[in-house]
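J.:
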Amino acid sequence: MVNQIVNKIENAPFILEMVETTSNLYRLGWDERNGGNISYLLSEEDITPFLDVTKTIRNIPMDFDGSALIGKYFLVTGSGKYFKNVQKAPSENLGIIRVAADGKSVDLLWGLENGAVPTSELPSHFMSHIARLSVNPNNRIVMHCHATHLLAMTFTHDLDECLFTRTLWQMCTECLVVFPDGVGIVPWLIPGTNEIGIATSEKMKETRLVVWPHHGIYGAGETMDETFGLIETAEKAAQVYTIVRSQGEVLQTITDEQLKMLGERFGVTPKSGYLNL
Ligand code: 2HA
Ligand code: ZN
């Protein structure tokens with residue numbers, strides 16, 4: 001007997017996670033209009049209870065080399081789509097794609113209805129997946145959003161990665177524990193290009209958080225919760241920084257010696273050279 005797909009894909013756990021996360025990002029104000037994009041690496045076993053993976057709806061070209069991801073499945077947000085609308089119409093705003101055998105296109109298996117295409121930031125997403133998988137084979141999520149206070153901080157704070165990271169670490173005690181590798185910062189670059197994809201993915205080999213000055217942030221992780229939590233933690237620190245600066249003079253902070261003790265207690269290693277000890 002041919003395998004019958006009896007489960008509705010709208011109830012698949014990965015779709016529900018995507019709907020929940022895009023809705024939360026929208027409500028937090030970090031993904032206005034078509035801002036933001038998420039890609040979620042899925043296994044074939046995740047998908048087959050819901051979808052016949054032998055049926056391709058259409059093929060969508062890419063203008064970069066995705067050979068390292070051939071055969072891999074991703075749930076992605078659509079280009080030009082609004083996170084605000086994902087919940088009411090998942091199949092118009094999201095898509096499940098598989099990197100085709102040529103490494104230069106993707107096969108659409110579900111969603112992206114009415115001719116929609118994957119996120120305009122597919123180069124940054126795919127290149128970041130390749131980079132993260134090279135250091136952590138369990139990485140599954142790449143998430144981009146316009147986190148408000150982090151974005152604002154790129155106007156008022158030095159863009160040196162060490163200084164920027166240390167400020168965030170100092171703002172909330174948990175930060176160093178959540179992102180001991182700190183944040184990477186790329187130069188200002190045109191969004192959607194292969195160039196910004198290459199720059200972002202280079203940073204992603206060393207850290208799971210990459211700031212795009214005057215634009216937003218990229219986060220990566222093993223699960224949706226972890227990745228969302230990572231961005232949320234950095235954004236909270238940036239919010240505290242904003243409030244601290246508006247309150248006035250800083251009278252005391254967490255010292256580098258205390259940050260070192262914190263790392264030891266929680267079994268994380270702060271990025272080498274970032275603490276003055
Ligand atoms: O998808 O956020 O960086 C819209 C964007 C581009
Ligand atoms: Zn953006």
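Take the sequence shown: its position 238, counted from the start at 1, is 238 in full-length UniProt numbering, and no numbers get skipped. Glycine included, C-beta positions come from ideal geometry on N, C-alpha and C.
Which residues does DSSP list as the beta-bridge partners of threonine 77?
T.: Translated into the one-based positions of the sequence shown, residue 77 becomes position 77. Leu94, per the DSSP bridge assignment.
J.: Would the region 246–266 and the region 190–198 be scored as touching if the rule is three or more Cβ pairs under 8 Å?
T.: Touching, no, given that fewer than three Cβ pairs across the two stretches are closer than 8 Å.
J.: State yes or no: is the C-beta of glycine 71 nearer than 6 Å to some heavy atom of the ligand ZN?
T.: Within the sequence shown, residue 71 is the residue found at index 71, counting from 1. Glycine 71 Cβ: outside cutoff for every heavy atom of the ligand ZN.
J.: Give every residue of the same chain whose Cβ lies closer than 7 Å to the Cβ of isoleucine 70, excluding the five residues on either side of it in the sequence, and list them in chain order.
T.: For the purposes of this step, residue 70 is taken as the residue at position 70 of the sequence shown. Answer for isoleucine 70: Val99, Ala101 and Gly103, listed in chain order.
J.: Should glycine 35 be listed as close to the ligand ATP, given that the test is whether its C-beta is under 6 Å from any heavy atom?
T.: As far as ligands go, the structure on display features the ligand 2HA and the ligand ZN and does not contain the ligand ATP.
J.: Closer than 7 Å by C-beta to asparagine 59: which residues in its own chain qualify, once you throw out the five before and the five after it? Chain order, please.
T.: Here residue 59 refers to the residue found at position 59 of the sequence shown. Correct list, in chain order: Ala100, Ser105 and Asp107.
J.: Report buried or exposed for methionine 224, applying the criterion of at least 16 other Cβ atoms within 10 angstroms of its Cβ.
T.: In the sequence shown, counting from the first residue as 1, residue 224 sits at position 224. It is buried - the Cβ of methionine 224 has at least 16 other Cβ atoms within 10 Å.
J.: Short check: CB of glycine 115 to CB of phenylalanine 83, under 7 Å?
T.: On the sequence shown, residue 115 is found 115 positions in, with the first residue counted as 1. On the sequence shown, residue 83 is found 83 positions in, with the first residue counted as 1. No. Outside cutoff.
J.: Got a sec? Which residues, its chain only, sit under 6 Å from cysteine 145 by beta carbon, not counting five neighbours each side?
T.: Within the sequence shown, the letter at position 145 stands for residue 145. So the list reads Leu25, Trp30, Asp31, Gly36 and Gly216, once near-sequence residues are dropped.
J.: Throw me the rounded Cβ distance for the alanine 12 and phenylalanine 50 pair, which I believe falls under 8 Å.
T.: For the purposes of this step, residue 12 is identified with residue 12 of the sequence shown, where counting begins at 1. For the purposes of this step, residue 50 is identified with residue 50 of the sequence shown, where counting begins at 1. Yes, they are in contact, since the Cβ atoms of alanine 12 and phenylalanine 50 sit about 5 Å apart, within 8 Å.
J.: At a cut-off of 6 Å, is glycine 216 close to the ligand ZN when judged by its beta-carbon and the heavy atoms of the ligand?
T.: Position 216 of the sequence shown, counted from the first residue, corresponds to residue 216. Correct: glycine 216 has its Cβ closer than 6 Å to the ligand ZN.
J.: On the CB-based measure, 16 or more other CB atoms within 10 Å of its CB, does valine 135 come out buried or exposed?
T.: Within the sequence shown, numbered from 1, the residue matching residue 135 stands at position 135. By the neighbour-count rule (16 or more Cβ atoms within 10 Å), valine 135 is not buried but exposed.
J.: My output table needs one value for leucine 275: the three-state DSSP class, helix, strand or coil.
T.: The sequence position of residue 275 within the sequence shown is 275, counting from 1. Three-state result, leucine 275: coil.
J.: Starting from tyrosine 218, trace the beta strand (DSSP E) both ways and give me its first and last residue.
T.: Position 218 of the sequence shown, counting from 1, holds the residue named residue 218. Note, tyrosine 218: beta strand (DSSP E), 216–221.
J.: Classify glutamate 45 as helix, strand or coil using the three-state DSSP reduction.
T.: Numbered from 1 along the sequence shown, position 45 holds the residue referred to as residue 45. Glutamate 45: helix per DSSP, three-state reduction.
J.: Using only the alpha-carbon positions, how far apart do methionine 1 and alanine 234 sit?
T.: Working through the sequence shown from its first residue, we reach residue 1 at position 1. Working through the sequence shown from its first residue, we reach residue 234 at position 234. Residue placement at methionine 1 is flagged as unreliable, the pLDDT there being 47, under the threshold of 50; a coordinate-derived value is accordingly withheld.
J.: What's the gap between the Cα of lysine 236 and the Cα of alanine 152?
T.: Here residue 236 refers to the residue found at position 236 when the sequence shown is read from its first residue. Here residue 152 refers to the residue found at position 152 when the sequence shown is read from its first residue. So the alpha carbons of these two residues sit roughly 13 Å apart.
J.: Return the bridge partner residues of proline 270 from the DSSP annotation.
T.: Counting from 1 along the sequence shown, the entry for residue 270 is found at position 270. None; proline 270 has no bridge partner.
J.: According to the neighbour-count rule (16 or more other Cβ atoms, all chains shown, within 10 Å of its Cβ), is arginine 27 buried or exposed?
T.: Residue numbering aside, residue 27 sits at position 27 when the sequence shown is read from its first letter. By the 10 Å Cβ count, arginine 27 comes out exposed.
J.: The ligand 2HA and serine 201: does any heavy atom of the ligand fall closer than 6 Å to the residue's C-beta?
T.: Numbered from 1 along the sequence shown, position 201 holds the residue referred to as residue 201. Checking every heavy atom of the ligand 2HA against the Cβ of serine 201, none is found closer than 6 Å.
J.: Would threonine 165 and valine 186 be called neighbours here (beta carbons separated by less than 7 Å)?
T.: Numbered from its first residue, the sequence shown carries residue 165 at position 165. Numbered from its first residue, the sequence shown carries residue 186 at position 186. Not in contact: threonine 165 and valine 186 (Cβ atoms no closer than 7 Å).
J.: Take threonine 167 and list the residues in its own chain whose beta-carbon comes closer than 7 Å to its own, dropping the five residues that flank it on each side.
T.: Looking up residue 167 in the sequence shown gives position 167. Same-chain partners within the cutoff: His157 and Tyr241.
J.: By the DSSP assignment, the beta strand (DSSP E) with proline 61 in it spans what residues?
T.: Residue numbering aside, residue 61 sits at position 61 when the sequence shown is read from its first letter. Proline 61 -> beta strand (DSSP E) spans 58–61.
J.: Please state the DSSP three-state secondary structure of valine 53.
T.: Position 53 of the sequence shown holds residue 53. Reduced to three states, the DSSP call for valine 53 is coil.
J.: Verify whether the separation of the beta carbon atoms of leucine 176 and leucine 259 is less than 7 Å.
T.: Position 176 of the sequence shown holds residue 176. Position 259 of the sequence shown holds residue 259. Result yes, Cβ atoms of leucine 176 and leucine 259 sit closer than 7 Å.
J.: Sort Met171, Met204 and Glu20 by Cα distance to residue 279 and report the nearest one.
T.: The requested residue 279 does not occur in the structure, where the chain is confined to residues 1 to 277.
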